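Before any comments, here is the structure.
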Amino acid sequence: MKNYLLFDLDGTLTDPMVGITSSVKYALSRFGIEVKYLKELIPFIGPPLAESFQVFYGFSEEQAEKAVEYYREYFSPKGIFENEIYGGIAEMLSELSEAGFELVLATSKPHIYAKQILKHFGIEDYFSFVAGSELDGTRVKKEEVIQYALDMCHVSPEKAIMVGDRKHDIIGAAACGVESVGVLYGYGSREELREAGADHLVSSVKELKELLWNQDKTEMEKDEAMVRFGIIGTGKIADKFYQANRFGREFELTAVYSRSLDKAKEFGFRKGNLVYFDDLEEFAKSDAFDAVYIASPNCCHHDQAIAMMRAGKHVLCEKPMASNYEEAAEMFRVAEEEGVILLEAMRSIYTPGFLKMTEYMESLGTIRRATIQYCQYSSRYDNFKRGIIENAFKPELSNGALMDIGVYTVACMIRLFGAPKSIKAVGVKLQNGVDGAGTILMEYEDMIGEAIYSKITDSAMPSQIQGEDGSMLIKEIENVKDLRISRKKVDQSIHFEQSDNTLNHETDAFIKMIKTGTGWEEGREITLETMKVLDEARRQMDIVFPADQKEGKE
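In our numbering, the protein residues as written are 5 to 558.
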(Lines of atoms letter the chains of each structure in order from A and count residues from 1; the text may use other names and numbers.)
(Lines give C-alpha, C1' and ligand atoms only; values in the text may rest on other atoms or scores of the structure.)
Protein backbone atom coordinates (compact mmCIF):
# COMPACT_ATOMS: atom_id res chain seq x y z
CA MET A 1 0.00 0.00 0.00
CA LYS A 2 1.40 3.37 -1.05
CA ASN A 3 0.21 5.64 1.71
CA TYR A 4 1.63 8.97 0.50
CA LEU A 5 -0.51 10.51 -2.25
CA LEU A 6 1.06 13.45 -4.10
CA PHE A 7 -1.41 15.58 -6.05
CA ASP A 8 -0.81 18.15 -8.75
CA LEU A 9 -3.08 21.19 -8.40
CA ASP A 10 -4.00 22.77 -11.75
CA GLY A 11 -5.99 20.36 -13.92
CA THR A 12 -5.99 17.68 -11.23
CA LEU A 13 -7.78 19.14 -8.22
CA THR A 14 -9.04 22.38 -9.73
CA ASP A 15 -9.89 23.78 -13.18
CA PRO A 16 -7.87 27.02 -13.37
CA MET A 17 -8.52 27.71 -17.05
CA VAL A 18 -10.04 31.19 -16.76
CA GLY A 19 -7.57 32.46 -14.16
CA ILE A 20 -4.40 31.18 -15.79
CA THR A 21 -5.31 32.04 -19.38
CA SER A 22 -6.57 35.52 -18.39
CA SER A 23 -3.30 36.15 -16.54
CA VAL A 24 -1.27 34.98 -19.56
CA LYS A 25 -3.38 37.13 -21.89
CA TYR A 26 -2.69 40.15 -19.67
CA ALA A 27 1.06 39.42 -19.62
CA LEU A 28 1.21 39.07 -23.40
CA SER A 29 -0.70 42.33 -23.83
CA ARG A 30 2.11 44.09 -21.95
CA PHE A 31 4.37 42.96 -24.79
CA GLY A 32 1.89 44.21 -27.42
CA ILE A 33 0.65 40.69 -28.19
CA GLU A 34 -3.13 40.40 -28.33
CA VAL A 35 -4.93 37.07 -27.94
CA LYS A 36 -8.59 36.87 -29.01
CA TYR A 37 -9.70 33.63 -27.35
CA LEU A 38 -8.61 32.36 -23.95
CA LYS A 39 -8.75 28.75 -25.15
CA GLU A 40 -5.71 29.47 -27.31
CA LEU A 41 -3.69 29.76 -24.08
CA ILE A 42 -4.76 26.44 -22.52
CA PRO A 43 -1.30 24.89 -23.19
CA PHE A 44 0.04 27.19 -20.45
CA ILE A 45 -1.85 25.14 -17.85
CA GLY A 46 0.50 22.69 -16.19
CA PRO A 47 4.07 23.35 -17.40
CA PRO A 48 6.39 25.85 -15.67
CA LEU A 49 5.28 29.34 -16.66
CA ALA A 50 8.58 30.84 -17.83
CA GLU A 51 9.25 27.75 -19.93
CA SER A 52 5.84 28.10 -21.62
CA PHE A 53 6.47 31.73 -22.62
CA GLN A 54 9.74 30.67 -24.22
CA VAL A 55 8.31 27.60 -25.98
CA PHE A 56 5.01 29.04 -27.22
CA TYR A 57 6.04 32.66 -27.96
CA GLY A 58 9.79 32.43 -28.48
CA PHE A 59 10.61 34.71 -25.55
CA SER A 60 14.18 34.98 -24.36
CA GLU A 61 14.92 33.96 -20.77
CA GLU A 62 14.91 37.61 -19.71
CA GLN A 63 11.64 38.30 -21.51
CA ALA A 64 10.07 35.19 -19.95
CA GLU A 65 11.03 36.37 -16.47
CA LYS A 66 9.43 39.74 -17.17
CA ALA A 67 6.34 38.02 -18.55
CA VAL A 68 6.01 36.06 -15.31
CA GLU A 69 6.11 39.34 -13.37
CA TYR A 70 3.30 40.74 -15.55
CA TYR A 71 1.38 37.48 -15.19
CA ARG A 72 1.45 37.84 -11.41
CA GLU A 73 0.17 41.42 -11.60
CA TYR A 74 -3.14 39.98 -12.79
CA PHE A 75 -3.02 36.56 -11.12
CA SER A 76 -2.27 37.62 -7.53
CA PRO A 77 -5.31 39.83 -6.92
CA LYS A 78 -7.79 38.29 -9.35
CA GLY A 79 -6.75 35.33 -11.48
CA ILE A 80 -5.98 33.13 -8.51
CA PHE A 81 -9.68 32.98 -7.68
CA GLU A 82 -10.93 32.56 -11.26
CA ASN A 83 -10.82 28.86 -10.59
CA GLU A 84 -13.19 25.96 -9.91
CA ILE A 85 -12.73 22.76 -7.94
CA TYR A 86 -13.60 19.63 -9.88
CA GLY A 87 -16.75 17.84 -8.74
CA GLY A 88 -16.10 15.09 -6.22
CA ILE A 89 -12.56 16.23 -5.35
CA ALA A 90 -13.36 17.61 -1.90
CA GLU A 91 -15.26 14.45 -0.95
CA MET A 92 -12.47 12.22 -2.27
CA LEU A 93 -9.80 14.10 -0.32
CA SER A 94 -11.88 13.94 2.84
CA GLU A 95 -12.38 10.18 2.56
CA LEU A 96 -8.75 9.47 1.72
CA SER A 97 -7.56 11.58 4.63
CA GLU A 98 -10.02 9.93 7.00
CA ALA A 99 -8.80 6.51 5.83
CA GLY A 100 -5.27 7.37 6.92
CA PHE A 101 -3.64 8.35 3.64
CA GLU A 102 -1.07 11.15 3.82
CA LEU A 103 -2.00 13.80 1.25
CA VAL A 104 0.69 16.10 -0.17
CA LEU A 105 0.34 18.84 -2.76
CA ALA A 106 3.13 18.84 -5.38
CA THR A 107 2.74 21.75 -7.79
CA SER A 108 5.01 23.89 -9.93
CA LYS A 109 2.90 26.85 -8.87
CA PRO A 110 4.47 29.02 -6.12
CA HIS A 111 3.44 27.48 -2.82
CA ILE A 112 2.23 30.85 -1.54
CA TYR A 113 -0.46 30.81 -4.27
CA ALA A 114 -1.16 27.10 -3.89
CA LYS A 115 -1.93 27.49 -0.19
CA GLN A 116 -4.34 30.36 -0.93
CA ILE A 117 -6.18 28.23 -3.47
CA LEU A 118 -6.49 25.27 -1.10
CA LYS A 119 -7.81 27.58 1.59
CA HIS A 120 -10.22 29.25 -0.86
CA PHE A 121 -11.83 25.89 -1.61
CA GLY A 122 -11.76 24.71 2.02
CA ILE A 123 -9.49 21.71 1.37
CA GLU A 124 -6.25 22.90 2.99
CA ASP A 125 -6.71 20.77 6.13
CA TYR A 126 -6.58 17.54 4.14
CA PHE A 127 -2.96 18.16 3.14
CA SER A 128 -0.09 17.51 5.52
CA PHE A 129 2.40 19.37 3.32
CA VAL A 130 2.40 21.75 0.35
CA ALA A 131 5.38 21.53 -1.99
CA GLY A 132 5.66 24.19 -4.65
CA SER A 133 8.05 26.59 -6.31
CA GLU A 134 9.32 29.88 -4.91
CA LEU A 135 8.53 33.29 -6.34
CA ASP A 136 12.20 33.70 -7.27
CA GLY A 137 12.01 30.74 -9.65
CA THR A 138 13.47 28.14 -7.32
CA ARG A 139 12.10 24.61 -7.76
CA VAL A 140 9.90 25.06 -10.85
CA LYS A 141 10.64 21.72 -12.52
CA LYS A 142 8.22 19.00 -11.50
CA GLU A 143 10.88 16.48 -10.55
CA GLU A 144 12.39 19.10 -8.21
CA VAL A 145 9.00 19.66 -6.58
CA ILE A 146 8.33 15.93 -6.17
CA GLN A 147 11.79 15.24 -4.74
CA TYR A 148 11.37 18.18 -2.36
CA ALA A 149 8.05 16.74 -1.17
CA LEU A 150 9.62 13.31 -0.60
CA ASP A 151 12.57 14.81 1.28
CA MET A 152 10.48 17.08 3.50
CA CYS A 153 8.02 14.28 4.33
CA HIS A 154 10.85 11.77 4.92
CA VAL A 155 9.20 9.22 2.64
CA SER A 156 10.84 6.81 0.20
CA PRO A 157 9.66 6.81 -3.47
CA GLU A 158 8.17 3.31 -3.23
CA LYS A 159 5.73 4.55 -0.60
CA ALA A 160 4.27 7.30 -2.80
CA ILE A 161 2.03 7.86 -5.82
CA MET A 162 1.98 11.03 -7.95
CA VAL A 163 -1.34 12.12 -9.47
CA GLY A 164 -1.34 14.67 -12.30
CA ASP A 165 -2.85 15.65 -15.64
CA ARG A 166 0.20 16.61 -17.75
CA LYS A 167 3.33 14.87 -19.00
CA HIS A 168 5.46 16.98 -16.64
CA ASP A 169 3.79 15.26 -13.68
CA ILE A 170 4.43 11.80 -15.11
CA ILE A 171 8.00 12.45 -16.23
CA GLY A 172 8.79 14.14 -12.91
CA ALA A 173 7.43 11.18 -10.97
CA ALA A 174 9.48 8.72 -13.02
CA ALA A 175 12.64 10.77 -12.44
CA CYS A 176 12.06 10.41 -8.70
CA GLY A 177 11.17 6.70 -8.85
CA VAL A 178 7.51 7.35 -7.95
CA GLU A 179 4.50 5.49 -9.40
CA SER A 180 2.20 7.80 -11.38
CA VAL A 181 -1.48 8.23 -12.20
CA GLY A 182 -2.57 10.37 -15.16
CA VAL A 183 -6.02 11.93 -14.99
CA LEU A 184 -7.83 12.41 -18.29
CA TYR A 185 -10.38 14.93 -17.01
CA GLY A 186 -7.63 17.61 -16.89
CA TYR A 187 -5.64 19.18 -19.70
CA GLY A 188 -3.39 16.36 -20.86
CA SER A 189 -4.52 13.96 -23.57
CA ARG A 190 -4.43 10.17 -23.33
CA GLU A 191 -1.62 10.14 -25.90
CA GLU A 192 0.44 12.70 -23.99
CA LEU A 193 0.15 10.86 -20.70
CA ARG A 194 0.66 7.41 -22.18
CA GLU A 195 3.74 8.54 -24.11
CA ALA A 196 5.12 10.11 -20.91
CA GLY A 197 4.88 6.69 -19.25
CA ALA A 198 1.94 6.99 -16.83
CA ASP A 199 1.55 3.82 -14.78
CA HIS A 200 -2.23 4.29 -14.61
CA LEU A 201 -4.82 6.37 -16.45
CA VAL A 202 -8.22 7.34 -15.07
CA SER A 203 -11.05 9.19 -16.77
CA SER A 204 -12.89 10.62 -13.77
CA VAL A 205 -12.54 11.61 -10.13
CA LYS A 206 -14.59 8.54 -9.26
CA GLU A 207 -12.12 6.25 -11.04
CA LEU A 208 -9.21 8.04 -9.37
CA LYS A 209 -10.71 7.51 -5.93
CA GLU A 210 -11.33 3.82 -6.62
CA LEU A 211 -7.78 3.32 -7.87
CA LEU A 212 -6.18 5.00 -4.87
CA TRP A 213 -8.55 3.39 -2.39
CA ASN A 214 -8.20 -0.13 -3.76
CA GLN A 215 -4.47 -0.31 -4.45
CA ASP A 216 -4.50 -3.58 -2.55
CA LYS A 217 -7.68 -4.81 -0.88
CA THR A 218 -5.83 -7.07 1.49
CA GLU A 219 -3.49 -4.31 2.56
CA MET A 220 -6.40 -1.89 2.94
CA GLU A 221 -8.16 -4.26 5.31
CA LYS A 222 -4.92 -4.57 7.25
CA ASP A 223 -4.58 -0.79 7.37
CA GLU A 224 -8.08 -0.43 8.81
CA ALA A 225 -7.47 -2.97 11.57
CA MET A 226 -7.13 -1.84 15.17
CA VAL A 227 -3.76 -1.80 16.88
CA ARG A 228 -3.94 -3.59 20.21
CA PHE A 229 -2.19 -1.71 23.00
CA GLY A 230 -0.72 -2.76 26.29
CA ILE A 231 0.09 -0.16 28.97
CA ILE A 232 2.98 -0.15 31.43
CA GLY A 233 2.06 2.02 34.41
CA THR A 234 -1.17 2.85 36.17
CA GLY A 235 -0.72 6.50 37.16
CA LYS A 236 -2.52 9.66 36.09
CA ILE A 237 -0.77 9.96 32.74
CA ALA A 238 -1.64 6.36 31.84
CA ASP A 239 -5.32 7.00 32.56
CA LYS A 240 -5.19 10.28 30.65
CA PHE A 241 -3.70 8.38 27.69
CA TYR A 242 -6.53 5.85 27.77
CA GLN A 243 -9.23 8.53 28.06
CA ALA A 244 -7.80 10.40 25.06
CA ASN A 245 -7.68 7.27 22.89
CA ARG A 246 -10.58 5.15 24.09
CA PHE A 247 -12.81 6.14 21.17
CA GLY A 248 -10.01 6.00 18.59
CA ARG A 249 -10.98 4.18 15.41
CA GLU A 250 -7.73 2.18 15.40
CA PHE A 251 -6.96 1.94 19.14
CA GLU A 252 -7.84 -0.94 21.41
CA LEU A 253 -6.55 -1.44 24.98
CA THR A 254 -6.05 -5.15 25.67
CA ALA A 255 -3.40 -5.52 28.42
CA VAL A 256 -2.02 -3.75 31.50
CA TYR A 257 1.23 -4.27 33.42
CA SER A 258 2.00 -3.08 36.93
CA ARG A 259 4.34 -4.35 39.62
CA SER A 260 1.14 -4.80 41.64
CA LEU A 261 -1.48 -7.04 40.04
CA ASP A 262 -4.17 -5.38 42.17
CA LYS A 263 -3.21 -1.96 40.82
CA ALA A 264 -3.29 -3.30 37.28
CA LYS A 265 -6.80 -4.65 37.79
CA GLU A 266 -7.91 -1.45 39.49
CA PHE A 267 -6.64 0.57 36.53
CA GLY A 268 -8.38 -1.74 34.06
CA PHE A 269 -11.72 -1.73 35.87
CA ARG A 270 -14.46 -0.90 33.34
CA LYS A 271 -11.93 -0.44 30.54
CA GLY A 272 -12.83 -3.65 28.72
CA ASN A 273 -11.90 -7.30 28.73
CA LEU A 274 -8.21 -6.90 29.56
CA VAL A 275 -5.33 -9.19 30.43
CA TYR A 276 -3.32 -8.25 33.55
CA PHE A 277 0.34 -8.83 34.39
CA ASP A 278 2.74 -8.20 37.26
CA ASP A 279 5.66 -9.99 35.57
CA LEU A 280 7.36 -7.85 32.90
CA GLU A 281 8.87 -10.82 31.08
CA GLU A 282 5.51 -12.57 30.79
CA PHE A 283 3.93 -9.30 29.70
CA ALA A 284 6.50 -8.92 26.91
CA LYS A 285 5.91 -12.48 25.69
CA SER A 286 2.14 -12.07 25.58
CA ASP A 287 0.38 -12.12 22.19
CA ALA A 288 -2.48 -10.08 23.64
CA PHE A 289 -1.12 -6.79 22.27
CA ASP A 290 0.90 -5.41 19.35
CA ALA A 291 2.18 -2.12 20.78
CA VAL A 292 2.84 -0.75 24.24
CA TYR A 293 2.56 2.67 25.84
CA ILE A 294 5.17 3.09 28.58
CA ALA A 295 4.12 5.46 31.36
CA SER A 296 6.46 4.37 34.14
CA PRO A 297 9.10 6.53 35.94
CA ASN A 298 11.75 7.96 33.61
CA CYS A 299 14.50 5.73 34.97
CA CYS A 300 12.56 2.60 33.88
CA HIS A 301 11.96 3.57 30.25
CA HIS A 302 15.19 2.21 28.78
CA ASP A 303 15.04 -1.31 30.19
CA GLN A 304 11.29 -1.72 29.73
CA ALA A 305 11.30 -0.43 26.15
CA ILE A 306 14.14 -2.72 25.13
CA ALA A 307 12.40 -5.72 26.72
CA MET A 308 9.24 -4.92 24.73
CA MET A 309 11.06 -4.37 21.45
CA ARG A 310 13.10 -7.56 21.81
CA ALA A 311 9.71 -9.29 22.05
CA GLY A 312 8.60 -7.69 18.77
CA LYS A 313 6.38 -4.97 20.26
CA HIS A 314 6.14 -1.41 18.93
CA VAL A 315 6.80 1.16 21.68
CA LEU A 316 5.27 4.58 22.36
CA CYS A 317 7.31 5.83 25.31
CA GLU A 318 6.30 8.74 27.53
CA LYS A 319 8.68 11.70 27.53
CA PRO A 320 11.51 11.90 28.25
CA MET A 321 12.15 8.64 26.44
CA ALA A 322 15.38 8.00 28.34
CA SER A 323 17.57 9.29 31.15
CA ASN A 324 20.35 10.32 28.75
CA TYR A 325 21.46 10.31 25.13
CA GLU A 326 23.32 7.01 25.45
CA GLU A 327 20.15 5.20 26.53
CA ALA A 328 18.03 6.82 23.82
CA ALA A 329 20.52 5.95 21.06
CA GLU A 330 20.61 2.34 22.23
CA MET A 331 16.81 2.16 22.26
CA PHE A 332 16.61 3.32 18.65
CA ARG A 333 19.33 0.88 17.65
CA VAL A 334 17.29 -1.99 19.11
CA ALA A 335 14.15 -0.72 17.34
CA GLU A 336 15.94 -0.90 13.98
CA GLU A 337 17.38 -4.34 14.75
CA GLU A 338 13.94 -5.70 15.63
CA GLY A 339 12.08 -3.90 12.85
CA VAL A 340 9.64 -2.15 15.19
CA ILE A 341 8.55 1.47 15.66
CA LEU A 342 9.83 3.45 18.65
CA LEU A 343 8.41 6.93 19.26
CA GLU A 344 8.72 9.38 22.11
CA ALA A 345 5.29 10.57 23.26
CA MET A 346 6.08 14.28 22.92
CA ARG A 347 2.42 15.29 22.74
CA SER A 348 2.90 19.01 22.11
CA ILE A 349 4.53 18.67 18.67
CA TYR A 350 1.82 16.37 17.27
CA THR A 351 -1.22 18.53 18.00
CA PRO A 352 -3.11 20.21 15.11
CA GLY A 353 -2.62 23.56 16.86
CA PHE A 354 1.16 23.20 16.86
CA LEU A 355 1.18 22.23 13.18
CA LYS A 356 -1.02 25.21 12.31
CA MET A 357 1.31 27.47 14.31
CA THR A 358 4.26 26.44 12.14
CA GLU A 359 2.34 27.55 9.04
CA TYR A 360 1.66 30.99 10.50
CA MET A 361 5.35 31.35 11.36
CA GLU A 362 6.06 31.78 7.64
CA SER A 363 4.50 35.25 7.84
CA LEU A 364 7.05 36.40 10.46
CA GLY A 365 9.96 36.59 8.03
CA THR A 366 13.46 35.62 9.16
CA ILE A 367 13.26 34.40 12.75
CA ARG A 368 15.72 36.09 15.10
CA ARG A 369 14.57 35.06 18.58
CA ALA A 370 12.35 32.37 20.08
CA THR A 371 11.39 32.21 23.75
CA ILE A 372 9.63 28.95 24.50
CA GLN A 373 8.44 28.60 28.06
CA TYR A 374 6.46 26.15 30.15
CA CYS A 375 6.17 27.05 33.81
CA GLN A 376 3.62 25.15 35.89
CA TYR A 377 3.45 25.03 39.67
CA SER A 378 3.40 21.31 40.43
CA SER A 379 0.48 19.87 42.37
CA ARG A 380 3.11 17.85 44.26
CA TYR A 381 5.25 20.82 45.28
CA ASP A 382 3.18 21.64 48.36
CA ASN A 383 3.82 18.11 49.65
CA PHE A 384 7.51 18.56 48.85
CA LYS A 385 7.64 21.67 51.03
CA ARG A 386 6.04 19.64 53.84
CA GLY A 387 8.75 17.01 53.54
CA ILE A 388 6.73 14.50 51.51
CA ILE A 389 8.87 13.73 48.45
CA GLU A 390 6.86 12.22 45.61
CA ASN A 391 8.27 10.69 42.42
CA ALA A 392 8.16 13.94 40.45
CA PHE A 393 10.79 15.43 42.79
CA LYS A 394 13.09 12.40 43.02
CA PRO A 395 16.29 12.77 40.97
CA GLU A 396 17.09 9.10 41.60
CA LEU A 397 14.19 8.34 39.22
CA SER A 398 15.69 10.67 36.56
CA ASN A 399 13.06 13.26 37.44
CA GLY A 400 13.10 16.99 38.00
CA ALA A 401 11.94 20.14 36.24
CA LEU A 402 14.29 19.76 33.28
CA MET A 403 13.23 16.20 32.47
CA ASP A 404 9.52 16.61 33.23
CA ILE A 405 8.79 20.16 32.01
CA GLY A 406 11.91 21.52 30.33
CA VAL A 407 11.95 18.65 27.85
CA TYR A 408 8.82 20.11 26.23
CA THR A 409 10.46 23.48 25.62
CA VAL A 410 13.67 21.97 24.25
CA ALA A 411 11.87 19.48 21.98
CA CYS A 412 9.63 22.25 20.60
CA MET A 413 12.66 24.43 19.92
CA ILE A 414 14.41 21.60 18.08
CA ARG A 415 11.25 20.67 16.16
CA LEU A 416 10.96 24.27 14.96
CA PHE A 417 14.59 25.31 14.47
CA GLY A 418 16.77 22.20 14.62
CA ALA A 419 19.73 21.51 16.88
CA PRO A 420 21.57 24.51 18.41
CA LYS A 421 25.29 25.22 17.95
CA SER A 422 25.80 25.54 21.71
CA ILE A 423 23.86 26.06 24.93
CA LYS A 424 24.22 27.77 28.31
CA ALA A 425 22.07 26.42 31.14
CA VAL A 426 21.31 27.69 34.64
CA GLY A 427 18.85 26.29 37.14
CA VAL A 428 17.42 26.39 40.64
CA LYS A 429 18.07 23.36 42.86
CA LEU A 430 15.92 22.40 45.83
CA GLN A 431 17.12 20.98 49.14
CA ASN A 432 17.21 17.34 48.01
CA GLY A 433 19.27 18.20 44.91
CA VAL A 434 16.40 18.06 42.40
CA ASP A 435 16.09 20.95 39.97
CA GLY A 436 12.93 23.01 40.32
CA ALA A 437 13.35 25.53 37.48
CA GLY A 438 15.80 26.61 34.82
CA THR A 439 16.64 28.44 31.62
CA ILE A 440 18.60 27.18 28.62
CA LEU A 441 20.04 29.72 26.20
CA MET A 442 20.35 28.05 22.79
CA GLU A 443 22.70 29.56 20.20
CA TYR A 444 21.86 29.23 16.50
CA GLU A 445 23.63 30.52 13.40
CA ASP A 446 21.32 33.50 12.96
CA MET A 447 18.96 33.50 15.94
CA ILE A 448 18.71 33.08 19.71
CA GLY A 449 16.59 30.50 21.47
CA GLU A 450 15.49 30.52 25.11
CA ALA A 451 13.92 27.50 26.81
CA ILE A 452 12.37 28.53 30.13
CA TYR A 453 10.76 25.99 32.48
CA SER A 454 9.65 25.56 36.08
CA LYS A 455 7.80 23.16 38.39
CA ILE A 456 7.83 25.57 41.33
CA THR A 457 6.28 28.69 39.76
CA ASP A 458 3.59 29.61 37.26
CA SER A 459 4.09 32.14 34.49
CA ALA A 460 1.73 34.80 33.20
CA MET A 461 3.85 35.36 30.10
CA PRO A 462 3.32 33.56 26.78
CA SER A 463 5.97 32.03 24.59
CA GLN A 464 7.13 34.31 21.80
CA ILE A 465 8.70 33.97 18.35
CA GLN A 466 10.19 37.13 16.85
CA GLY A 467 10.82 37.58 13.15
CA GLU A 468 11.97 40.52 11.06
CA ASP A 469 8.44 40.99 9.66
CA GLY A 470 6.41 40.28 12.78
CA SER A 471 6.15 38.52 16.12
CA MET A 472 3.95 35.73 17.47
CA LEU A 473 2.72 35.15 21.01
CA ILE A 474 1.76 31.59 21.93
CA LYS A 475 -0.37 31.25 25.03
CA GLU A 476 0.42 27.60 25.86
CA ILE A 477 3.20 25.92 23.89
CA GLU A 478 2.28 22.51 25.32
CA ASN A 479 -1.22 22.78 23.82
CA VAL A 480 -1.33 25.51 21.18
CA LYS A 481 -4.81 27.00 20.94
CA ASP A 482 -4.32 30.75 20.85
CA LEU A 483 -1.89 32.86 18.83
CA ARG A 484 -1.45 36.60 18.60
CA ILE A 485 0.49 37.82 15.58
CA SER A 486 1.71 41.43 15.24
CA ARG A 487 2.94 42.71 11.88
CA LYS A 488 3.66 46.41 11.30
CA LYS A 489 1.13 47.61 13.88
CA VAL A 490 -1.53 45.16 12.63
CA ASP A 491 -2.55 42.57 15.22
CA GLN A 492 -4.21 39.25 14.41
CA SER A 493 -5.70 36.89 17.02
CA ILE A 494 -6.11 33.24 16.05
CA HIS A 495 -7.90 30.53 18.03
CA PHE A 496 -7.87 26.78 17.39
CA GLU A 497 -10.54 24.50 18.81
CA GLN A 498 -8.63 21.70 20.50
CA SER A 499 -9.26 19.39 23.45
CA ASP A 500 -7.35 19.85 26.70
CA ASN A 501 -6.38 16.18 26.48
CA THR A 502 -4.29 15.91 23.31
CA LEU A 503 -2.64 12.52 23.82
CA ASN A 504 -4.65 11.03 20.97
CA HIS A 505 -2.66 12.94 18.35
CA GLU A 506 0.67 11.35 19.25
CA THR A 507 -1.10 7.97 19.22
CA ASP A 508 -2.57 8.62 15.78
CA ALA A 509 0.89 9.50 14.47
CA PHE A 510 2.35 6.37 16.12
CA ILE A 511 -0.31 4.07 14.63
CA LYS A 512 0.25 5.55 11.18
CA MET A 513 3.98 4.86 11.53
CA ILE A 514 3.24 1.25 12.47
CA LYS A 515 1.01 0.74 9.45
CA THR A 516 3.14 2.55 6.88
CA GLY A 517 6.62 1.92 8.26
CA THR A 518 7.46 5.57 7.56
CA GLY A 519 7.48 8.88 9.43
CA TRP A 520 9.44 7.74 12.49
CA GLU A 521 12.74 9.21 11.33
CA GLU A 522 11.90 12.81 12.23
CA GLY A 523 10.73 11.77 15.69
CA ARG A 524 13.98 9.91 16.25
CA GLU A 525 16.09 12.93 15.30
CA ILE A 526 14.07 15.28 17.52
CA THR A 527 14.43 12.90 20.47
CA LEU A 528 18.17 12.36 20.03
CA GLU A 529 18.96 16.06 19.56
CA THR A 530 16.77 16.88 22.56
CA MET A 531 18.64 14.35 24.70
CA LYS A 532 21.97 15.91 23.66
CA VAL A 533 20.77 19.30 24.89
CA LEU A 534 19.39 17.85 28.13
CA ASP A 535 22.65 16.00 28.81
CA GLU A 536 24.74 19.12 28.31
CA ALA A 537 22.33 21.22 30.41
CA ARG A 538 22.57 18.69 33.24
CA ARG A 539 26.36 18.69 32.97
CA GLN A 540 26.44 22.48 33.31
CA MET A 541 23.99 22.44 36.23
CA ASP A 542 25.69 19.44 37.90
CA ILE A 543 22.60 17.22 37.78
CA VAL A 544 23.56 13.55 37.83
CA PHE A 545 21.22 10.56 37.75
CA PRO A 546 21.98 7.01 38.89
CA ALA A 547 21.18 5.95 35.30
CA ASP A 548 24.23 7.92 34.13
CA GLN A 549 26.50 5.44 35.93
CA LYS A 550 24.76 2.27 34.77
CA GLU A 551 27.01 -0.32 33.19
CA GLY A 552 26.31 -3.37 31.12
CA LYS A 553 23.35 -1.94 29.23
CA GLU A 554 22.42 -4.02 26.21
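Beta carbons: idealized from backbone N, C-alpha and C, even for Gly. Note that this is a predicted model, so its numbers are computed, not measured.
In the DSSP assignment, L122 falls within the alpha helix (DSSP H) that extends over H115 to H124. Here G136 is buried: its Cβ has 16 or more other Cβ atoms, across all protein chains shown, within 10 Å. By a beta-carbon distance limit of 8 Å, G15 contacts Y191. Their separation comes to about 4 Å. With a threshold of 16 other beta carbon atoms within 10 Å, E510 meets it and is buried.
Spanning the alpha carbons of A179 and R373 requires a straight line of approximately 39 Å.
Each of P52, D19, E348 and T258 was checked against the Cα of G523, and the nearest Cα belongs to E348. Counted as a single uninterrupted DSSP element, the alpha helix (DSSP H) harbouring Q67 occupies residues E65 to F79.
Around the beta-carbon of S467, 16 or more other beta-carbon atoms lie within 10 Å, marking it buried.
If you compare the alpha carbons of E341, G126, F358 and F287 with that of F500, the shortest gap goes to F358.
DSSP lists L10 and S184 as the bridge partner or partners of M166. Of the residues F397, I456 and P114, the one whose Cα lies closest to the Cα of I427 is I456.
The C-alpha of D462 lies about 20 Å from the C-alpha of N505. Taken atom to atom, the span from the alpha-carbon of F271 to that of M451 is near 47 Å. If you compare the alpha carbons of T531, D386, L406 and G369 with that of G422, the shortest gap goes to T531. Residue state for Q380 is assigned as coil, using DSSP reduced to three classes. With distances taken between CA atoms, L434 lies nearest to F388 out of F388, V411 and V414. Restricting attention to A288, F273, K269 and K289, the CA atom closest to the CA of Y280 is found in K269.
In the three-state DSSP reduction, V484 falls in the coil class, being neither helix nor strand. Secondary structure at K145: coil, using DSSP grouped into helix, strand and coil. By the 16-neighbour rule on beta-carbons within 10 angstroms, Q151 is buried. Taking all protein chains in view, the Cβ of I37 is surrounded by fewer than 16 other Cβ atoms within 10 Å, so the residue is classified as exposed. G176 and K425 have their C-alpha atoms roughly 37 Å apart. The secondary-structure analysis by DSSP pairs K433 across a beta bridge with D439.
Within the segment 446-509, the runs of beta strand (DSSP E) at least 3 residues long that lie entirely inside it are, in chain order, 452-458, 467-471, 475-478, 486-491 and 494-499. Taking C-beta atoms as the reference points, S112 and V144 count as a pair closer than 7 Å. In the DSSP assignment, G234 forms a beta bridge with A259 and V296. Under the DSSP assignment, F281 falls outside any alpha helix (DSSP H), being part of the beta strand (DSSP E) whose first and last residues are V279 to F281.
Around the beta carbon of Q308, 16 or more other beta carbons sit within 10 angstroms, so the residue counts as buried. Judged by DSSP secondary structure, E348 falls within the beta strand (DSSP E) whose first and last residues are L346 to A349. The segment 527-543 makes contact with the segment 322-336, as at least three CB pairs between them are under 8 Å. Counting C-beta pairs closer than 8 Å gives fewer than three between the segment 98-113 and the segment 64-81, which falls short of the contact rule. Out of V108, T413, A31 and L278, the CA that lies nearest to the CA of Y246 is found in L278.
Pairing V28 with L45 gives a Cβ-Cβ distance under 7 Å. Using a 10 angstroms sphere on the CB of V338, the tally of other CB atoms reaches 16 or more, which defines it as buried.
Secondary structure note for L205: its beta strand (DSSP E) is the uninterrupted segment H204 to V206.
Across the structure, D282 and P550 are spaced so that their CA atoms are roughly 25 Å apart.
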